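A.B. asks: Dropping the structure in here first, questions after.
Residue numbers (the working numbering), protein chains in the order written: chain A, 1 to 584; chain B, 585 to 1168.
Listed below in structure tokens is the structure:
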């Protein structure tokens, strides 16, 4: 057994660190998902022709049991729907722990929870079908499904389902950028099976390198592990692999330690480029200390069964290195069924499904898309500028005064969140100040604005529009938001709570979706992690404290008490006995 | 969480059961493997030509990392050998818990321990190669190995190893009795992967039966689970599956409970026929109560992808039943490499490798075989009767008197254990009484015996020879025995401790292998088990108490503290949260 236990370690890390302890408590208590807002229109079809009050139970089909789909199901309370869930996985997986599964710090079983278990206790009309949807027909409002290939019970089964409302939360697949050989020879790290396969593969490499009759050259090749992509997943995996080699494998295969090498390839100039520069620098420094070979500015152009070929971005030079195993983690690509669906609805040129701020798929009625398979196409202020002006100019004077503006400013900021971001960025108090600043001579600024002045003042706000990252945090908040909309459908039908419709009459039924970023982690191995948190202030930290914060936040975010218990047991077991290297 | 915890349950089961508590303590403290004896000749080759004292480090190759091989490695202490271990599994698996893995009561990872971990701490010259041996060449003293098919790292690798001593402990494979379709369509339960596959397959069947567009008939077919073989493994698996359905799956798939059926097919008249009749009756009664469909006297003649065809032994009638999944557990068959080796050494007509009482393969020098791939061919008294007589008749008088007999009786009983069993069975005090009884008129019995009288008296003792069962207990004791022989090689070379050689000069170097049966368990599901233990008295029990005894014995027998910790955690987790049904 190791020298000190998990709990002792935790206690040490928190001694004399009261801030950390407090954050830990908050993280542990808060538990999960975000507060959600909501909006209208999508649900018009749900109501009968009479328009008000008469409510029919509508068929909702949810595709996917990842972060978005599962959070949606977890928070959905309304009994007004008959829900069918279709996914090739009959479980939810806590994907941020996948890198920990690749080295056995955490067991695969500890991060999954059957979807039936999650919905069972709700007493709602939710049915699950384990199948993959291979076609969506938006015209007929049908989806077509089949059982997946590797199932051992009976032959292939196909079926179709009708829907009134479709919620697409199928996630994404790994993006190979069409690099030749990647699909055939590389490992991905998006599913539980991927992580299990990587774990077996690492052991396979060590076992193979232990066989007799191999040259040192061959051993070096077999034990060369290449990670492609310096995002959080790639970095965490490289760190996890390094830990596995140092903590466990080097003891069991002592003669092979000298042959083992880990290379991290990143096309950009730095790893973890979505983090603060200080974190990037610390991570690069840590990897250097650990002997992980970090090659930035290096693009993979080809993968054969033995070699990986890279192109140096600066010099254009192409070089090839033999490898034993490659893990590919360079971002997300579109699933074929989504691609096909986008063609149907006129989004053929896009990479992911475009939705509006209420998560409704553009150009398609009664279909919602959330999580990694979708992105929110924010409405530009400039496209609606005349409509906004006329709405504010109630008396059609052609001029807006302060009073007019006061009445709509909240709606503008809610409908077009880029305005608020722009104001914050320019450190302006409110939209009036922004309009005043648009005057050439602010001192002379009148308190009335015509359309031109209005346009000029807001001309730059659209530059603040941002796409949300493809993370579990975004997907989960979107799922929670949509479920809350569904839950309060009737109530918000009667009392719409969203912003003014600038291009129509009345108000939007729900508030639009608003993402709240809590921060992110990147474990760097050796019980160190990088953390960048959005507390009331920005908080950046790299080291052991962050790793313990990571433990507590990840434990608190588990979907069930069972997985929480198992994940914590696994961590403790790792501290006590190390990681298992049995090839199962 | 469930109503009461693992520990509370344990306490309840032991309240007012002091005998059980005591046994539990013994079981937990005793920990493992048996006391071992030992013998000679095998090691003559290990010594140099000079014959005495000069010791060269000899190459020992061990094939297999199951009970026999691993126990051998664990107990081996002598530094006089250079040991190479070859096995397609780089771990030891606690196979008696495989049925518990099929339903997730225990995780696969919890019952395996890397072989490198087991040998690492010994500081001995032991190397492991993960490969399968596909040919043994006894002439050249070489074995030929290759990497197994499903490895993901690199291509196929082949190599050969020389040996001075070969220890064959490869176990056996499932025996299909050449029944058509079994290999293609049935599941086996001999390896960890088998158990994992069965678990996934059970979930697959439930998921498949949940799909729309299926008739009730089809659902019934998909959820018909057939277990072939009423031995301890088949019975325990049927019970484990029943528990899984009742405790867990019926809650998650409530509409499918009525379609689920478990059938246990046994060719003999009763299940668990190696146990006491009372246990068999209780088990059959329990299965009847549980609704497990038990069909005895029913032989499987064919398996298609949809139907299983059986023949009623009594009526000869053949009938077919549709099924969703079949688990085949009818005993053990020979691996092809062993079959091939048996042909080489003139054992072509046998089912398993024959060894003598010192575990040396007959007709082959320096090769040992133990565990399920071998059986001990006991020496018959009748074959050696003349040699025994002359050895005892030191002065060549043609008569044995009591004194002559006293000097060899211990050796006879040790070399031919059937004599002792026969005496015990007939309730005779010693061999003198047996000889006396051979007189027609016992009253007139003289105290001298000639060869004819000697033959007559011992004529029936060979009927008491028994083959050892193919169990973990036997394999483990054999492994321990052999390791102890290897450990005390030098010492016993100088001071042989075995019985007299009746057909040669001097004494055998080691005591022959003697199996000590401690008893056996058969869990019957619903927290009940059957136990038949050989304490100082025979002890039979069926029920909850036996199940708790089973828990404690199985925990105590784990190969490492890690697996012990994990198995106990798994049991506790199951009590708290039930079993997981995620399809991973």
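Virtual Cβ for every residue (Gly too), placed ideally from N, Cα, C.
Source: prediction; values computed, not measured.
Taking 8 angstroms as the cut-off, does the stretch 382-400 of chain A touch the stretch 359-373 of chain A (at least 3 CB pairs, one atom from each stretch)?
C.D. replies: Contact fails: fewer than three Cβ-Cβ distances are below 8 angstroms.
A.B. asks: Please classify residue 67 of chain A: does DSSP put it in a helix, a strand, or coil?
C.D. replies: Looking at residue 67 of chain A - three-state DSSP - the assignment turns out to be helix.
A.B. asks: Would you please verify whether the beta carbon of residue 1159 of chain B is less than 8 angstroms from any beta carbon of chain A?
C.D. replies: Residue 1159 of chain B does not count as touching chain A.
A.B. asks: Where does residue 1120 of chain B land, buried or exposed, given buried means 16+ other C-beta within 10 angstroms?
C.D. replies: It counts as exposed.
A.B. asks: Quick check for students: name the residue ranges of the beta strand (DSSP E) that lie wholly in the stretch 440-484 of chain A, counting only runs of 3 or more.
C.D. replies: The qualifying runs do not exist here; there are none.
A.B. asks: Just to confirm, is the Cβ distance from residue 812 of chain B to residue 910 of chain B under 8 angstroms?
C.D. replies: Yes.
A.B. asks: Within its chain, find whatever has a CB closer than 6 angstroms to the CB of residue 73 of chain A; leave out the 5 residues flanking it on each side and keep chain order.
C.D. replies: Here the set comprises 119.
A.B. asks: Distance, Cα to Cα, residue 340 of chain A vs residue 87 of chain A?
C.D. replies: Roughly 18 angstroms between the two C-alpha positions.
A.B. asks: Is residue 277 of chain A near residue 162 of chain A, with beta carbons less than 8 angstroms apart?
C.D. replies: No, these two residues do not count as a Cβ contact at 8 angstroms.
A.B. asks: Verify the CB distance criterion: does residue 91 of chain A have a CB-CB separation below 8 angstroms to chain B?
C.D. replies: Yes, contact with chain B.
A.B. asks: Do we get a CB-CB distance below 8 angstroms when we pair residue 593 of chain B with the residues of chain A?
C.D. replies: Note that residue 593 of chain B scores a pLDDT of 49, beneath 50, so its modelled location is shaky and nothing firm can be said.
A.B. asks: Restricting to runs no shorter than 3 residues, where is the beta strand (DSSP E) found entirely within the stretch 474-537 of chain A?
C.D. replies: DSSP runs (the beta strand (DSSP E)) wholly in the stretch 474-537 of chain A: 519-525, 528-534.
A.B. asks: Could you name the residues of the same chain whose beta carbon sits closer than 6 angstroms to that of residue 593 of chain B, not counting the 5 residues immediately before and after it, in chain order?
C.D. replies: Note that residue 593 of chain B has pLDDT 49, beneath the 50 cutoff, so the model's placement of it is unreliable and the number below is only indicative. Closer than 6 angstroms at Cβ, skipping near neighbours: no residue.
A.B. asks: Using a Cβ-Cβ cut-off of 8 angstroms, state whether residue 946 of chain B counts as contacting chain A.
C.D. replies: No, its Cβ sits nowhere closer than 8 angstroms to a Cβ of chain A.
A.B. asks: Name the residue from A/102, A/513, A/544 whose alpha carbon lies nearest to the alpha carbon of residue 192 of chain A.
C.D. replies: Taking only the C-alpha atoms, the option nearest residue 192 of chain A is A/102.
A.B. asks: Taking only beta-carbon positions, decide if residue 904 of chain B is within less than 8 angstroms of chain A.
C.D. replies: No, no contact with chain A.
A.B. asks: Whose Cβ in chain B lies nearer than 7 angstroms to the Cβ of residue 81 of chain A?
C.D. replies: What residue 81 of chain A touches in chain B: nothing, since even the nearest Cβ is about 18 angstroms away.
A.B. asks: Between which two residues does the alpha helix (DSSP H) containing residue 920 of chain B stretch?
C.D. replies: 920-928 is the extent of the alpha helix (DSSP H) around residue 920 of chain B.
A.B. asks: Would you tell me roughly how many angstroms separate the C-alpha atoms of residue 624 of chain B and residue 1067 of chain B, rounded to the nearest one?
C.D. replies: Residue confidence is low: residue 624 of chain B scores 36 on pLDDT, short of 50, so the model does not pin down where it sits. No coordinate-derived value is stated.
A.B. asks: Taking the continuous alpha helix (DSSP H) assigned at residue 298 of chain A, which residues delimit it?
C.D. replies: That residue, residue 298 of chain A, is in no alpha helix (DSSP H); its beta strand (DSSP E) goes 298-303.
A.B. asks: Along the chain, where does the beta strand (DSSP E) containing residue 82 of chain A start, and where does it finish?
C.D. replies: It spans 81-87 - the beta strand (DSSP E) in which residue 82 of chain A sits, taken as one unbroken run.
A.B. asks: Just checking: is the beta-carbon of residue 492 of chain A within a distance shorter than 8 angstroms of some beta-carbon in chain B?
C.D. replies: No, residue 492 of chain A does not count as interfacial toward chain B.
A.B. asks: What is the C-beta distance between residue 152 of chain A and residue 115 of chain A, in whole angstroms, given that I count them as a contact (C-beta under 8 angstroms)?
C.D. replies: Contact flag wrong, Cβ pair sits at about 20 angstroms.
A.B. asks: Note the first and the last residue of the continuous alpha helix (DSSP H) segment covering residue 423 of chain A.
C.D. replies: Residue 423 of chain A -> alpha helix (DSSP H) spans 417-425.
A.B. asks: Using 8 angstroms as the Cβ pair cut-off and three pairs as the minimum, do the stretch 182-190 of chain A and the stretch 380-387 of chain A touch?
C.D. replies: No: the two stretches stay apart, fewer than three of their Cβ pairs being nearer than 8 angstroms.
A.B. asks: Return the chain-ordered list of same chain residues with a C-beta closer than 8 angstroms to the C-beta of residue 215 of chain A, the five sequence neighbours on each side being excluded.
C.D. replies: None.
A.B. asks: Quick check: is the beta carbon of residue 603 of chain B nearer than 8 angstroms to any beta carbon in chain A?
C.D. replies: Reliability of the predicted coordinates at residue 603 of chain B is poor, the pLDDT of 45 falling under 50, and the value obtained from them is presented with this limitation in mind. So, not an interface residue.
A.B. asks: Let me make sure I understand the geometry here. Which of B/955, B/681, B/934, B/933 has the alpha-carbon closest to that of residue 943 of chain B?
C.D. replies: Of the listed residues, the one whose Cα sits closest to residue 943 of chain B is B/955.
A.B. asks: What residue ranges within the stretch 183-262 of chain A form continuous beta strand (DSSP E) runs of no fewer than 3 residues, ordered along the chain?
C.D. replies: Runs of the beta strand (DSSP E) inside the stretch 183-262 of chain A: 224-228.
A.B. asks: Taking the beta strand (DSSP E) that residue 710 of chain B falls in, what are its first and last residues?
C.D. replies: Note, residue 710 of chain B: beta strand (DSSP E), 710-714.
A.B. asks: For the beta strand (DSSP E) that residue 592 of chain A lies in, which residues bound it at each end?
C.D. replies: Nothing can be reported for residue 592 of chain A, as the shown portion of chain A is limited to 1 through 584.
A.B. asks: Check whether the Cβ atoms of residue 550 of chain A and residue 523 of chain A lie closer than 8 angstroms to each other.
C.D. replies: Yes, they are a contact pair.
A.B. asks: Helix, strand or coil for residue 133 of chain A per DSSP?
C.D. replies: Of the three classes helix, strand and coil, the one that applies to residue 133 of chain A here is strand, per DSSP.
A.B. asks: Once DSSP output is grouped into helix, strand and coil, what is the label at residue 855 of chain B?
C.D. replies: Here residue 855 of chain B sits in coil by DSSP.
A.B. asks: I want to see whether chain B comes within less than 8 angstroms of residue 213 of chain A, judged by CB atoms only; does it?
C.D. replies: Yes - at least one Cβ of chain B is within 8 angstroms of the one on residue 213 of chain A.
A.B. asks: Taking residue 909 of chain B as the query, report the chain A residues whose CB atoms sit under 7 angstroms from its CB, ordered along the chain.
C.D. replies: Near residue 909 of chain B (Cβ distances below 7 angstroms), the residues of chain A are 153.
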